Amino acid sequence: MNLLTLAHVLLFLPLTLAATHHNHPHPRTSCPYPSTTDITTIWNKLISGNPAGFISHFRPFLSWTVMGSHPLAGHYEKLSLFIVNSEGRLYNALAGQPTYTLVNVVGGCESEWSVQEMRMQAVAKNGRILDEINIWATRWDTEGKVVQVRSYVDGWATAMIIHENENWSDSTWLTNRTTYMPGPNGVDLGLVAREFG
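So, in structure tokens, the structure goes:
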């Protein structure tokens, strides 16, 4: 570095530092909603294999919408409905527990909404590899609990995993039907009675 360049750097260094200081004020010490650090700590419970600890940060009655057009898509008004009808249904199609990696967290602290980007990796019962990015937009209350979720998954991959690995959709003409299995939507027994007596 020559003397002219060094003098130029030294001349403008105080201005650069001052501008940097004004653009990055001191971080807040308290937030009305969980900070990105708090949210990362919560998501690490899921990643480390503590789903009960993770789910404890969600309200039992919330609004959870799985976006898209696939077998798990829809609106769930209770956490238990989402766990059984969405997560449980997907997990039943897998050969083992999925692994999650937290890729990014945006929002929180002063904003009631945050967005979590996760990588989910698993192997289905039939050997199909599931490797996708899930996006969860979450709305928090001031007690640090999730009250609303909009989650986005790979619709095609989800549909294939469900279709190829669920008992009611993984059938051939050789399947012996000995039990009532109406599928995820159930059956209107009154309609059946009216139609067939």
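Residue numbering for the sequence shown is -18 to -1, 1 to 179, as defined by mature numbering (1 follows the signal peptide of the UniProt record, and there is no 0). For every residue, glycine included, the Cβ atom is placed at its ideal position computed from N, Cα and C. All values reported here derive from a predicted model rather than from experimental measurement.
Check	Outcome
Residues of its chain near Lys107, where Cβ-Cβ distance is below 7 Å and the 5 sequence neighbours each way are ignored	Ala75, Leu76, Ala77 and Asn147
Touch test, the segment 88 to 100 against the segment 58 to 73, Cβ-Cβ under 8 Å, three pairs minimum	no
Which of helix, strand or coil DSSP assigns to Val88	strand
Residues near Ala55 in its chain [Cβ-Cβ closer than 8 Å; skip 5 each side]	Val48, Met49 and Gly137
His139 - containing alpha helix (DSSP H), residue span	The question names His, but residue 139 in the sequence shown is Ala. Its alpha helix (DSSP H) spans residues Gly137 to Asn147.
Exposure label - Thr124; buried when at least 16 CB within 10 Å	exposed
Selected residue, minimal CA-CA separation from Gly35, among Trp25, Tyr15 and Cys13	Trp25
Exposure of Leu44, with buried meaning 16 or more beta-carbon neighbours within 10 Å	buried
Selection from His57, Val97, Ser30 and Phe40 that minimises the alpha carbon distance to Ser17	Val97
Nearest neighbour of Ser12, chosen from Ser93, Ala141 and Ala119 [CA to CA]	Ser93
Inter-residue CB distance, His52 and Ala141 (contact presumed, cutoff 8 Å)	4 Å
Closest by C-alpha distance to Ile29, when choosing among Ser62, Trp46, Lys60 and Gln103	Gln103
Exposed unless 16 or more other CB atoms sit within 10 angstroms - verdict on His39	buried
Inter-residue spacing [alpha-carbon to alpha-carbon] between Trp122 and Trp95	6 Å
Closest residue to Glu99 among Ser68, Val131 and Gln79 (Cα-Cα distance)	Val131
Cβ neighbours of Ala139 in the same chain (closer than 7 Å, five flanking residues each side left out)	Leu112 and Glu114
Pairwise C-alpha distance: Leu63 and Thr23	25 Å
Beta-carbon proximity check, Val129 vs Arg41, cutoff 8 Å	yes
DSSP three-state assignment for Lys107, whether helix, strand or coil	coil
Segment limits, beta strand (DSSP E) that includes Ser133	Val128 to Tyr134
Beta-carbon proximity check, Arg110 vs Ile143, cutoff 8 Å	yes
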